[in-house]
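As numbered in my numbering, residues -1 to 109 make up the sequence shown, in order.
Shown next, in structure tokens, is the structure this report addresses.
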Amino acid sequence: AATYFFKTDFDYEEKGVRKFFSPSDAVEILAHGREVLAKTEPFDLPTVETAYRNLSHTLGVAGSKLIHPTRLALTGKTFGPGLFDIIVTLGHTKCLERLDRAINWIKNNLG
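Set out below in structure tokens:
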């Protein structure tokens, strides 16, 4: 269920943590995504998607390297609606808060 739209204290799926939060660059990847989202205006679907695609290109990584950890950070899930739809639906503030929460969680639990 999509309870993550309403809850902020959700757990992260274990398989997602192993796959997307455990790599040594997970915090860096999420921090880059947070930085881009913090600057993204207007906060709409085309602008958010373009910003993330540009970040992928700038970092020289596949889009999935950004998309999957970000989805896990924002929802606690490894699957669901399109990431950019989730981002726009949650809104600017919630996305930044949830990325901060995930970064801190990784540092405290996996770092």
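Virtual Cβ for every residue (Gly too), placed ideally from N, Cα, C.
Asked, Found
"Should the segment 14 to 27 be regarded as contacting the segment 82 to 96, the criterion being three or more beta carbon pairs within less than 8 Å?", "no"
"Using 8 Å as the cut-off, can you tell me whether the segment 63 to 79 makes contact with the segment 28 to 42, which would need three or more C-beta pairs spanning the two stretches below that distance?", "yes"
"In whole angstroms, give me the CA-to-CA distance for His90 and Ala71.", "14 Å"
"Verify whether the separation of the beta carbon atoms of Ile27 and Lys5 is less than 8 Å.", "no"
"Check whether the segment 51 to 60 and the segment 71 to 82 are in contact - that is, three or more C-beta pairs closer than 8 Å.", "no"
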